[in-house]
Amino acid sequence: MAEKEIDESERWLLSFYRTSEIGGALFFGRLARSMRPGQIQSDMTKHFSDEAQHAWYWTECMNRVGANPLSITDNYQDQYSAEVGVPANMMEVLAITHVFEKRVVNQYSKHASIDVIHPVVKETILKIMKDEKWHLEWIRKALDGLEKDYGADEIEKTLKRFTEADEKVYQATMKEHEDRLQHIIERNKKLGLNK
Ligand SMILES: [Fe+2]
Ligand SMILES: [Fe+2]
Numbered sequence: 010m011a012e013k014e015i016d017e018s019e020r021w022l023l024s025f026y027r028t029s030e031i032g033g034a035l036f037f038g039r040l041a042r043s044m045r046p047g048q049i050q051s052d053m054t055k056h057f058s059d060e061a062q063h064a065w066y067w068t069e070c071m072n073r074v075g076a077n078p079l080s081i082t083d084n085y086q087d088q089y090s091a092e093v094g095v096p097a098n099m100m101e102v103l104a105i106t107h108v109f110e111k112r113v114v115n116q117y118s119k120h121a122s123i124d125v126i127h128p129v130v131k132e133t134i135l136k137i138m139k140d141e142k143w144h145l146e147w148i149r150k151a152l153d154g155l156e157k158d159y160g161a162d163e164i165e166k167t168l169k170r171f172t173e174a175d176e177k178v179y180q181a182t183m184k185e186h187e188d189r190l191q192h193i194i195e196r197n198k199k200l201g202l203n204k
């Protein structure tokens with residue numbers, strides 16, 4: 010596949026990913042700091058170090074494709090807090106994290122599935138996706154481990170409640186991601202780049 014230039018929509022998307030990985034690293038880092046040592050804190054530490062690494066991968070990727078990062082207002086993190094409130098306990102922290110990480114994996118898969126994508130961008134997404142899959146796995150496992158304390162029903166109910174909140178926040182703030190992707194697909198079609 011021939012390399013193609015990064016357009017403004019892609020530049021926005023890469024900047025958005027970069028900013029949200031920085032936000033994730035800080036968010037999970039603060040959580041890890043507040044936890045007692047144990048398996049969950051150990052996994053959370055690996056988790057935030059992955060997110061910090063991802064922020065670097067995007068920075069490096071943008072350098073490689075010659076695109077300067079845009080300054081993105083990271084307001085969906087705040088919207089999230091406004092919508093779901095402060096998590097009341099460890100189970101709620103893990104549930105909201107699971108819902109959020111699912112959204113991230115979904116956005117990356119959508120981007121990776123575009124027919125014509127810059128090889129460096131694709132390489133970066135695929136590298137990150139491996140870690141994101143593990144994030145979903147360890148959190149699910151940790152949630153299962155909390156069933157004895159909270160009950161499976163309560164955990165499922167909480168996940169459902171946060172998924173609904175996520176939908177709302179998505180409609181309000183993250184839809185721009187979808188619009189930008191759509192723009193790239195349309196542009197590639199016009200250029201005859203799609204299969
Ligand atoms: Fe990440
Ligand atoms: Fe993640």
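Numbering (the numbering used here), first residue to last: 10 to 204.
Beta carbons: idealized from backbone N, C-alpha and C, even for Gly.
> CA-CA distance, glutamate 187 and alanine 121?
Replying inline: Answer to the nearest angstrom: the Cα atoms are 13 Å apart.
> Quick check: the stretch 68-76 against the stretch 35-47, are there 3 or more CB pairs under 8 Å?
Replying inline: No, they do not touch.
>> Measuring alpha carbon to alpha carbon, tell me which residue in Arg20, Phe25, Trp21 and Ser18 is nearest valine 113.
In response: Nearest neighbour of valine 113 by Cα position, chosen from Arg20, Phe25, Trp21 and Ser18, turns out to be Phe25.
> Does ligand 1 have a heavy atom nearer than 7 Å to the CB of aspartate 7?
Replying inline: Residue 7 cannot be examined here, being either before or after the span of the chain that is shown, 10 to 204.
> Can you tell me whether DSSP reads alanine 11 as helix, strand or coil?
Replying inline: Any reading at alanine 11 must be qualified, since the residue scores a pLDDT of 40, below 50, and its modelled position is unreliable; no value is offered.
>> Does threonine 167 pass the burial test, meaning 16 or more other C-beta atoms within 10 Å, or should it be called exposed?
In response: So threonine 167 ends up on the buried side.
>> For a test of the three-state rule: what should DSSP assign to valine 102, helix, strand or coil?
In response: Valine 102: helix per DSSP, three-state reduction.
>> One question on the structure: do serine 29 and histidine 192 come within less than 8 Å of each other, judged by their Cβ atoms?
In response: Not in contact: serine 29 and histidine 192 (Cβ atoms no closer than 8 Å).
> Cβ of histidine 63 within 7 Å of any heavy atom in ligand 1?
Replying inline: With a cut-off of 7 Å, the C-beta of histidine 63 is classified as near ligand 1, since at least one heavy atom of the ligand falls inside that distance.
> Buried or exposed: where does glutamine 180 fall if 16 or more other Cβ atoms within 10 Å of its Cβ makes it buried?
Replying inline: Here glutamine 180 is exposed: its Cβ has fewer than 16 other Cβ atoms, across all protein chains shown, within 10 Å.
> Would you report the Cα separation of methionine 138 and tyrosine 117, rounded to the nearest angstrom?
Replying inline: In this structure, the straight-line span from the alpha carbon of methionine 138 to that of tyrosine 117 is close to 7 Å.
>> Quick check: does the Cβ of glutamate 156 come within less than 7 Å of any heavy atom belonging to ligand 1?
In response: With a cut-off of 7 Å, the C-beta of glutamate 156 is classified as distant from ligand 1, since no heavy atom of the ligand falls inside that distance.
> Rounded to a whole number of angstroms, what is the C-alpha to C-alpha distance between glutamate 132 and isoleucine 15?
Replying inline: As the crow flies, the alpha-carbon of glutamate 132 is around 15 Å from that of isoleucine 15.
> Of the choices Asp162, Leu135 and Ile81, whose alpha-carbon is the least far from that of arginine 27?
Replying inline: Nearest of Asp162, Leu135 and Ile81 to arginine 27, Cα basis: Ile81.
> Would you call the CB atoms of methionine 100 and isoleucine 164 closer than 8 Å?
Replying inline: Contact flag set, yes.
> In whole angstroms, what is the alpha-carbon distance linking glycine 94 and lysine 55?
Replying inline: For glycine 94 and lysine 55, the distance between alpha carbons rounds to 25 Å.
> Should glutamate 205 go down as buried or exposed, given a rule of 16 or more other Cβ atoms within 10 Å for buried?
Replying inline: Summary: the structure shown does not reach residue 205, with the chain confined to residues 10 through 204, and so no result is reported for it.
> Three-state secondary structure (DSSP) at proline 46?
Replying inline: Secondary structure at proline 46: coil, using DSSP grouped into helix, strand and coil.
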